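A.B. asks: If you scroll down you'll find the structure; I have some questions about it.
There are 2 protein chains.
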Amino acid sequence: MTYDLWYWDGIPGRGEFVRLALEAAGIDYRERGRASGGGSADALVEDMQSPRKHPPFAPPYLVADGETIGQTANILFFLGEKHQLAPKDLAGRLWVNQLQLTLADLVAEAHDVHHPIAASLYYEDQQEEAKRRAKSFREERIPKFLGYFENVLKEQGRWLAGGETWSYADLSLFHVVDGLAYAFPVTMSKQSRRLSKVMALHARVGALPNVSAYLQSDRRLAFGEGIFRHYPELDG
Amino acid sequence: MTYDLWYWDGIPGRGEFVRLALEAAGIDYRERGRASGGGSADALVEDMQSPRKHPPFAPPYLVADGETIGQTANILFFLGEKHQLAPKDLAGRLWVNQLQLTLADLVAEAHDVHHPIAASLYYEDQQEEAKRRAKSFREERIPKFLGYFENVLKEQGRWLAGGETWSYADLSLFHVVDGLAYAFPVTMSKQSRRLSKVMALHARVGALPNVSAYLQSDRRLAFGEGIFRHYPELDG
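Quick look at the structure:
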């Protein structure tokens, strides 16, 4: 079976967390919202409006066997169970879900740094507020979140859920670190000194054969006008 | 077995979503962070620092049989499976989780209305920014989120996951509506006219015998300095 992944074209966005899991596990999927994947943004807008039993509030969503599954962490939970991208036991699956939700909180904050007033306004119309929010994000939130993951890895070892192999939460932490390094290079260069385990995990995920092949393919979109944005004035 | 619920004292907060599920289902629990429940805020701070296999990033967290489970939606997913507070089939469980995560997004936005710059600053130090953010929240976000749930109920019937009985997502929507009505009474009074199904669900949940008894008990804390805050200047 081939999954249909629906997400906006042009940016990695939240769809990237799902895409990374599909790519890392070698699972077949189609990009229904992306021109380069054979889909289109128009098709996405139209599909969002079609009536269905379980409508998504927003992309990304995955369609599998006629079922629509929305919310990034929920899609990953499903893929994790179905394709063994998380531990098998309940405690392990809940732990990986918990980590994913903590990353989702960080992602939402990373977005709101450049859009602290409204997603519907341009950055330029909330730039002063963004500068204020960025200070707290750089000095308090990034250290707190990434310090947490550093501590988790101290306890768990090579992977966030322990054991000998990655889970989807490891892929997501990889992408968050990637995004933060793109958006806040100065901050992350300083922070990375006290995040040796997080940075080692980032390198480890990037070197997984499927992930490495994906990152070099044209299926991997560059960062730009999405969640992670590089505005030097927000990087302190 | 008695669950240990750890959350800050003094406010309903995110702990309330867990508390409502425990109360509605008549599940035994102890309030370990709350003086009135036999716990204390000091005990919470101390417990957060104790080493454990699966540390939470932040409260609320639940301790059951020596396992710690963090992140509100994750705790509810666990309780939903263990105590039948969600449909039994996979598609139904994922749907309820998806709805819960959508409510979590709304809750995060409701918080950031009064703290658009930093959670670590006082409201008074970000009041002007809050006024700007509140406009978008009132005019765009509340209608979009609650309109979505109205449409879901049009499709599903009395309860968000269909069927003849409530799931934990229904309890959470109840609490979100309660919180929004407290924080934005003028806005919600206008909005409620086009939200007949959401408002009917709110009444239906509030009338469940266990929920009604809980709401009248001293275990239910009043809104105040938490996620949902009433500042008339933010209500338009």
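From first to last, the protein sequence lines stand for chains F and Y.
By our numbering, the letter at position 134 of the first sequence is numbered 139, and the numbering carries on one by one without gaps.
By our numbering, the letter at position 18 of the second sequence is numbered 23, and the numbering carries on one by one without gaps.
Even for Gly, the Cβ is constructed at its ideal location relative to N, Cα and C.
Keep in mind the model is a prediction, meaning the values are calculated, not measured.
1) Residues of chain Y with CB closer than 9 Å to the CB of K58 of chain F, please, in chain order.
2) Pull out every residue of the region 117-137 of chain Y whose Cβ sits closer than 7 Å to any Cβ of chain F, in chain order.
3) So is T170 of chain F buried or exposed if we call it buried at 16+ other beta carbons inside 10 Å?
4) Does the separation of the CB atoms of L99 of chain F and N102 of chain Y fall below 7 Å?
5) Give a yes or no on whether the minimum CB-CB distance between I74 of chain Y and chain F is below 7 Å.
6) Is the beta carbon of I232 of chain F sitting closer than 7 Å to the one on V112 of chain F?
7) Could you give the C-beta distance for T73 of chain F and D33 of chain F, rounded to a whole number, given that I count them as a contact under 8 Å?
8) So what's R35 of chain Y in DSSP terms, helix, strand or just coil?
9) Whole beta strand (DSSP E) runs in the region 14-83 of chain F with 3 or more residues, listed along the chain?
10) Is D130 of chain F helix, strand or coil when you go by DSSP?
11) Roughly how many angstroms separate the alpha carbons of G44 of chain Y and F22 of chain Y, rounded to a whole number?
12) From what residue to what residue does the alpha helix (DSSP H) around D240 of chain F run?
13) Might you give, ordered along the chain, the residues of its own chain that have their beta carbon closer than 8 Å to the beta carbon of E230 of chain Y, omitting 5 neighbours on each side?
14) So, helix, strand or coil for Y173 of chain Y, using DSSP?
15) Need the endpoints of the beta strand (DSSP E) that D117 of chain Y sits in, please.
16) Report yes or no: is there a C-beta of chain F within less than 7 Å of the C-beta of F189 of chain Y?
17) On the DSSP bridge assignment, give the partners of L10 of chain Y in chain order.
18) Can you tell me whether DSSP reads P92 of chain F as helix, strand or coil?
19) Show which residues of chain Y have a CB atom less than 8 Å away from the CB atom of E145 of chain F.
20) Mind listing, in chain order, the continuous alpha helix (DSSP H) runs of no fewer than 4 residues lying wholly within the region 141-186 of chain F?
21) Of the residues F:S172, F:H116, F:M53, F:S41, which one's Cα is nearest the Cα of F83 of chain F?
22) For S197 of chain F, name the three-state secondary structure that DSSP assigns.
23) Output the distance between the C-alpha atoms of I122 of chain F and Q131 of chain Y, rounded to the nearest integer angstrom.
24) Please list the partners that S141 of chain F has in chain Y, where partner means a Cβ-to-Cβ separation under 9 Å.
25) Is the beta carbon of L81 of chain F closer than 7 Å to that of Q105 of chain F?
26) Step through the CB atoms of chain Y and report whether any lies within less than 7 Å of the CB of Y153 of chain F.
27) Shorter than 7 Å from the beta carbon of T107 of chain Y to some beta carbon of chain F?
28) List the residues of chain F that S78 of chain Y touches, going by C-beta distances under 7 Å, in chain order.
29) Does the beta-carbon of A91 of chain Y have 16 or more other beta-carbons within 10 angstroms, so that it is buried, or is it exposed?
30) Find the nearest neighbour of S55 of chain F within the set Y:E160, Y:A212, Y:S222, Y:V181, judged by alpha-carbon distance.
31) At a cut of 8 Å, does the region 194-204 of chain Y reach the region 150-160 of chain Y through at least three beta carbon pairs?
C.D. replies: From the atom records:
1) A96, W100, E160, Q161, G167
2) Taking 7 Å as the Cβ-Cβ cut-off, the region 117-137 of chain Y approaches chain F at D117, P121, I122, A123, S125, E134, R137, given in chain order.
3) exposed
4) no
5) Yes, I74 of chain Y lies at the interface with chain F (some Cβ there is under 7 Å from its Cβ).
6) yes
7) Contact doesn't hold; Cβ gap of about 18 Å is too wide.
8) strand
9) 34-36, 66-69, 72-75
10) helix
11) 19 Å
12) No alpha helix (DSSP H) contains D240 of chain F, which DSSP labels as neither H nor E.
13) G15, I16
14) helix
15) From DSSP, D117 of chain Y is part of no beta strand (DSSP E) but of the alpha helix (DSSP H) over 95-119.
16) no
17) Y:E36, Y:L67
18) coil
19) A123, S125
20) 147-161
21) F:S172
22) Residue state, collapsed to three classes: helix.
23) Distance between the alpha carbons of I122 of chain F and Q131 of chain Y is about 11 Å.
24) Residues of chain Y passing the Cβ test: I122, A123, A124, S125, L126.
25) yes
26) Chain Y contact via Cβ: present.
27) yes
28) It should be pointed out that residue 78 of chain Y corresponds to Ala in this sequence rather than to Ser. The contacting residues are L106.
29) buried
30) Y:E160
31) yes
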